[in-house]
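Scroll down for the structure; my scribbles are underneath it.
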Ligand SMILES: [Zn+2]
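In my numbering, the protein residues as written are 1 to 706.
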């Protein structure tokens, strides 16, 4: 039973999924009907049509419900094999189609696929409920959990027992029917409020755009940016220029706008976007949402919502997450204070006659950055030709560390002509995985970069991993080289770190395989792999001029690497403020009265020593989409937690000889191959020989030991 990826879930009656049982007749002409006969069970993209997905998803859900009911209704006493292993084997048709469907809707979508996605999202949510709230099934899971000490299970099976039990409990499976009904009502109101929040915030952000008819207000913007601002105004049938809001507190144009009044106005538009006392004000929504979430946690048996959320995360408790966040505050705020001094000096040198405010920060920081590093992209990019970075950088590092080799395959069908496929071989030449990469920007592709599986690894199911990386790099004109910047290079190493986590997976059960790990662990292997991009032996191997093959001049390379530590006091402090707000909100007990969000926020930041006048939170509570509606509630800290792990792990490599096969193999055996098969805190500290430390993170951010 693999975790299904479900978006925008609205709980429907479980009867929906059951009703589809009758429509389970999927014919062999559907390419998802049986496992693919291509190498590694690669999806037969040459045969898949848009119209194949919906019938296969529907049939997949129906078939899994039949399988799950057979498990739940089994007259034999519950055993690990007839219940949990059987659950792991269920839903193979659904996984087969959904993994491919997620890939194409993310990377190569169209109207037909979007329609299927909208149609299936609530059905998939209901399907999941139908499994987790099946009382007979839960009784069997619980019986096995209660006897687990006497079952003589191997470590991974025992982990599966604990994992499955935890997921059922978390979903409310152990509640009485009356409490399940209460939970359902809470879940419904919660999802309504989340949707309200999204709707209000969208409208608020749109209305919050800054507009002007005075060209003098926009000094500092380039011709191209002014043209874009004029076009944005025209798009709304307005005169002049318009700067739309981005989701963070700071706005990109604040780096460039030389008119201080404009900066202040744009900043205030951003800061107050959702607090104008009109129909788009989100404060009453979040106050109620917080209260409901606390009630939900209490109903399921947890002291607060953060405790409920964190129960299956690496950190396990809000206390552990808070302790970690708190420990970073002194170094971050001290560095931010010293950066503020530098910025004040720049203001004073220009006879500004004012004290630095949040709307001044990026404008003057950019001047300080230019004076210190003066990096010209046009100078750097010729050293980063995409294919060379891939083969002589990303693949090279994986070869040095893990002995992997790669062979491009042109015989495996792809979903779009830009996609490339590589077969990955282990150090002993055995086939390990299939790796697809799809690096160029397209209009029908989601923004950003990501990794996922098309086929998950499982010994139980006899499957090897098929993984893919997607990005949005500029596609060159035909015949031109694809030159990327260092940020893109880092993104390639990042996504390939996820890919390695997927490709090295060597577990029995699909639910515990590869990247199926908690939020506060999953970014660790990817961020760890980023470190090799600037590691001298790797960097010198790929950073070569695409025309001459010359290495990057040492001075330029040094500047590039040093620029990474610029402004880190500010950047870390604004994220810490957001992480603290998230944890503080979600630590409120069920009995707490309705909060005033502004008062709560001010007090929470003061209490946690993060009330710096010049560093506002990266998100204000009233527009903090991650925690109110994007699945990161009580989880925003995870970005920093995984950073602690990756820096700490890289420090271990540096202390033990760096880029060596011995180090790589040890890391692969003890961490990368193991998915979620062991308590992650123990897995990590067994590998390290100690508890993780925040010191390397402070060092790599440039907050210590300069
Ligand atoms: Zn990632």
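Note that the Cβ used here is the ideal one computed from N, Cα and C, for glycine as well.
Since this is a predicted model, take the numbers as computed values, not measurements.
Please name the residue or residues paired with residue i in a DSSP beta bridge.
i: residue 201; result: DSSP lists no partner for residue 201.
i: residue 241; result: 212
i: residue 407; result: 423
i: residue 544; result: 551
i: residue 453; result: 467
i: residue 433; result: 424
i: residue 385; result: 483
i: residue 440; result: 473
i: residue 458; result: 463
Within the same chain, show all residues whose beta-carbon is closer than 6 Å to that of residue i, passing over the 5 residues directly before and after it, in chain order.
i: residue 526; result: 494, 497, 498
i: residue 437; result: 420, 469
i: residue 546; result: 382, 385, 481
i: residue 57; result: 97, 120
i: residue 221; result: 256
i: residue 198; result: 629
i: residue 565; result: 702
i: residue 458; result: 510, 513
i: residue 225; result: none
i: residue 412; result: 42, 421
Cβ-heavy atom distance between residue i and ligand 1 below 7 Å?
i: residue 494; result: yes
i: residue 523; result: yes
i: residue 498; result: yes
i: residue 211; result: no
i: residue 526; result: yes
With a Cβ-Cβ cutoff of 8 Å, do residue i and residue j count as a contact?
i: residue 485; j: residue 394; result: no
i: residue 312; j: residue 518; result: yes
i: residue 640; j: residue 202; result: no
i: residue 280; j: residue 287; result: no
i: residue 26; j: residue 55; result: yes
i: residue 579; j: residue 325; result: yes
i: residue 141; j: residue 163; result: no
i: residue 210; j: residue 167; result: no
i: residue 172; j: residue 338; result: no
i: residue 633; j: residue 597; result: no
i: residue 397; j: residue 538; result: yes
i: residue 156; j: residue 677; result: yes
i: residue 680; j: residue 454; result: no
i: residue 577; j: residue 618; result: yes
i: residue 290; j: residue 588; result: yes
i: residue 344; j: residue 659; result: no
i: residue 295; j: residue 629; result: no
i: residue 472; j: residue 445; result: yes
i: residue 542; j: residue 645; result: no
i: residue 586; j: residue 145; result: no
i: residue 83; j: residue 71; result: yes
i: residue 434; j: residue 40; result: yes
Grab me the residues of residue i's own chain with a C-beta within less than 8 Å of its C-beta, minus the 5 sequence neighbours each way, in chain order.
i: residue 688; result: 648, 649, 652
i: residue 346; result: 364, 367, 368
i: residue 216; result: 259
i: residue 233; result: 211, 239, 240, 241, 242
i: residue 535; result: 397, 658, 659
Give every residue of the same chain whose Cβ lies closer than 7 Å to the Cβ of residue i, excluding the five residues on either side of it in the sequence, and list them in chain order.
i: residue 21; result: Summary for residue 21: the model assigns pLDDT 42, below 50, so the residue's position carries little reliability; its value from the coordinates is reported in the next sentence. Only 62, 65, 66 meet the Cβ criterion.
i: residue 270; result: 208, 245, 249, 251
i: residue 362; result: 250, 254, 255
i: residue 310; result: 316, 317, 318, 321, 634
i: residue 491; result: 449, 471
i: residue 336; result: 569, 570, 573, 612, 615
i: residue 693; result: 648
Where are the beta strand (DSSP E) runs, 3 residues long or more, that stay fully inside the stretch 272–344, in chain order? none
As an exercise, report each continuous alpha helix (DSSP H) stretch of at least 4 residues that is fully enclosed by the stretch 83–128, in chain order. 86–89, 92–107
May I have a chain-ordered list of the alpha helix (DSSP H) segments no shorter than 4 residues that lie completely inside the stretch 601–638? 625–629
Would you list, in sequence order, the uninterrupted alpha helix (DSSP H) runs of no fewer than 4 residues that lie entirely inside the stretch 495–542? 519–530, 536–542
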